[in-house]
DNA sequence: GTAATAGTGTCTATGAGACATTATACC
DNA sequence: GGTATAATGTCTCATAGACACTATTAC
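Residue numbers (the numbering used here), protein chains in the order written: chain A, 177 to 415; chain B, 177 to 415.
Here it is in C-alpha cells:
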C-alpha cells in the first residue's frame, strides 16, 4: 500500500455482515433479517450495515449485533465476535460497489429478537432452512458454519453457546449440533475434564436438565482459550 | 446489509496488503518494499495497493504479487494466496480512511525482486529483521506469521515453500524455519510418509542437497490438502 | 418396575516422542 | 579414516475410541 493520490482513489462502500449462531432445541440456528428495501426486498439476509465514518469494522459489527438481537450493549460486550473474511466480488451488490467484512458471532440461546434497527423483521432460523438468502449470503453462511465447526476442534469456543452455568451434556450437544454427529458421552466427558481450564465445576448442587434422568453437575467456562490436544471431529473431514 | 441510500454511504478507500513469505538459507523471509511516497516515505512496508474499480480483492492481491515479485502472471497463477483478515482501524492511515484486506502468500525461494510496480525498492528480508514497518504492517506481519504457522499443522501447505521436486529434509526445514523449532528427523519422515497424498516419490534417482551426507530421495507435492491427524507443533502453544 | 441421562471403569489400537542403528555420500 | 545427512527400526507412553457397568432421577 504505497504511492497513491488520495483524491484519485476509487470509492467503495464498506459494510459488515454478521452470521450470528445459537443452539436451541438441538438445532443450530442463525439470526436472519427480512430486507425492507429495494435490493432483494422481502428476502431474508444476514444482519449487517454500513461502517460509520470513524468506526472500525469490529465496532460496527458489535453495534449491529446489539441492534439486531435487541440486547443492551452491556450484554453484547462479552459475546464472542470474530472476523470471518471479506467479500469483495464486484457484482455482489447489484447497485454499487460494496465490500463487506463478515463476522461470526456465537451466542447462548436468546429470546426472540425484537426486530430493532432498520430491519423489517428478524428471527432465529434453523441453519439448514436458511437458504436461499439475499446477495452472496449463502456463501458467507456456509463459510461461517465451516469456520465455527473447525474452531470447536481446537478452541474452547463451545462454551460461548452455553449459558453461564451448563452441564456437560449441554456442552456435548453444542458439538453434536454444530458438527451434525453423535459423540460418545463418556469419552467426551473424559476429554473435556482432562483439558485444564476448559470448564470448572460449580460449587452449588446439580440441576436437572430435561426432567429425565440423573441430574447433572454444573460447570462454568474456564480460563483456557485453546485445546491441546484438539478435540477432532470424527472422521475429520478435510477443509 | 439492508436498507441504504446509495448516494449517502460514507466513502472508503480499499487496498490489499501482502505478506509474502519464503524460506531461504534456513530463515523465514518476507517480501518488503521501500515506500516512495509521502506517508512513511523511505520506510519499509508490505507490498500492496488499491483495488481497481471492477476488481475483487483476490484479483488485486494476485496482480500486486506478480508486480512486486517480478514474476509473470503465469508463474504466480499457481502460487498459494490466501486471505488473512481485514484491517479497518480509522487511524491506520494518517491521510484518509483506508480499509485494507490482507493476504498471505507462500512461495518457493525466488530470485531477488526487480522492484517493479510503483515501489521504490523491493527485497527479501529475514522475518525477524522486518520490524518496524510502516502503518500497522507489524501487526499484519505478526498475524500472517502466526497464521501460516498454524496452517502448517493441519494442511499440506508446507510444500508451497518448496520447489517442484524436494527432499524430505527440505520439507522438514520449512517446518523448522517457520516454527522456529527443531524436529526429530526420523519421526518427521514417518509422519509425512504415513499421510496419504501429502508427498509422492519421484521416479528419478536421488540428488545431493548440501553436498554433504547421503543423497536424499526426491518427492513432489501430492493431491492431499489437509493432514489427518495434524502435525502439531511441539509444546503446541495456545492461540 | 421402565426409561432416560449422568457418571465410572476398562480394554485396545493407534500415533507420537525418544533414540539406536545402518547406509551412503563428500572431505 | 571422519563427518554429515538419509533412511530404517524399536521401545514406550499418552490418547482416543469402543463399550460395559453403575447411579439417580421421572414416570
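Cβ atoms here follow ideal geometry from the backbone N, Cα and C, with glycine treated the same way. All values derive from a computational prediction rather than experimental measurement.
Q: May I ask you to verify whether the stretch 314-332 of chain B touches the stretch 230-237 of chain B, counting CB pairs closer than 8 Å and requiring at least 3?
A: no
Q. Would the beta-carbon of residue 192 of chain A fall within 8 Å of that of residue 227 of chain A?
A. yes
Q: Below 7 Å CB to CB, which residues in the same chain sit around residue 351 of chain A once its five sequence neighbours on both sides are set aside?
A: 328, 334, 359
Q. Within 10 angstroms of its Cβ, does residue 224 of chain A collect 16 or more other Cβ (buried), or is it exposed?
A. buried
**Q.** Any chain B beta carbon closer than 8 Å to residue 277 of chain A
**A.** yes
Q | Rounded C-alpha distance that separates residue 221 of chain A from residue 345 of chain B | A | 50 Å
Q) Can you tell me whether DSSP reads residue 305 of chain A as helix, strand or coil? A) helix
Q.
Output needed in chain order: residues of the stretch 248-271 of chain B with a Cβ under 7 Å from some Cβ in chain A.
A. 259, 261, 262, 264, 265, 266, 271
Q) What separation, rounded to the nearest whole angstrom, lies between the Cα atoms of residue 370 of chain A and residue 364 of chain A? A) 10 Å
Q: Report the option in B/244, B/399, B/196, B/231 whose CA atom is closest to the CA atom of residue 190 of chain B.
A: B/231
**Q.** Own chain residues within Cβ distance below 8 Å of residue 265 of chain B, not counting five before or after
**A.** 312
Q.
With H, G and I counted as helix, E and B as strand and the rest as coil, what does DSSP make of residue 209 of chain A?
A. strand
Q | Beta bridge counterpart(s) of residue 193 of chain A as assigned by DSSP | A | A/224, A/278
**Q.** Test item: CB-CB of residue 403 of chain B and residue 301 of chain B under 8 Å
**A.** no
**Q.** Which residues DSSP lists as bridging residue 298 of chain A, in chain order
**A.** A/209
Q. Any idea if residue 269 of chain A is buried or exposed, counting beta-carbon neighbours within 10 angstroms, 16 or more meaning buried?
A. buried
Q: Would you tell me roughly how many angstroms separate the C-alpha atoms of residue 209 of chain A and residue 305 of chain B, rounded to the nearest one?
A: 48 Å
(Q) Between residue 197 of chain B and chain A, is any beta-carbon pair separated by less than 8 Å? (A) no
Q | Reduced DSSP category for residue 362 of chain B - H, G, I as helix; E, B as strand; rest coil | A | helix
**Q.** Span separating the alpha-carbon of residue 362 of chain A from that of residue 310 of chain A
**A.** 42 Å
Q) Roughly how far, in whole angstroms, is the beta-carbon of residue 199 of chain A from the beta-carbon of residue 285 of chain A, given that I think they are within contact range, below 8 Å? A) 7 Å
(Q) What does the alpha-carbon distance come out to for the pair residue 372 of chain A and residue 256 of chain A? (A) 21 Å
Q. Mind pulling the chain A residues with CB within less than 7 Å of residue 230 of chain B?
A. 266
**Q.** residue 204 of chain B vs residue 196 of chain B beta-carbon contact at 8 Å
**A.** no
(Q) residue 273 of chain A and residue 229 of chain B - do their beta-carbons sit closer together than 8 Å? (A) yes
Q. Checking contacts by CB at 8 Å: is residue 206 of chain B closer than that to chain A?
A. no
(Q) Please classify residue 162 of chain B as buried or exposed, where buried requires at least 16 other C-beta atoms within 10 Å of its C-beta. (A) Given that chain B is displayed from residue 177 to residue 415, the structure contains no residue 162 of chain B and the question cannot be resolved.
Q | Identity of the residue in A/281, A/343, A/367 nearest residue 336 of chain A by Cα | A | A/281
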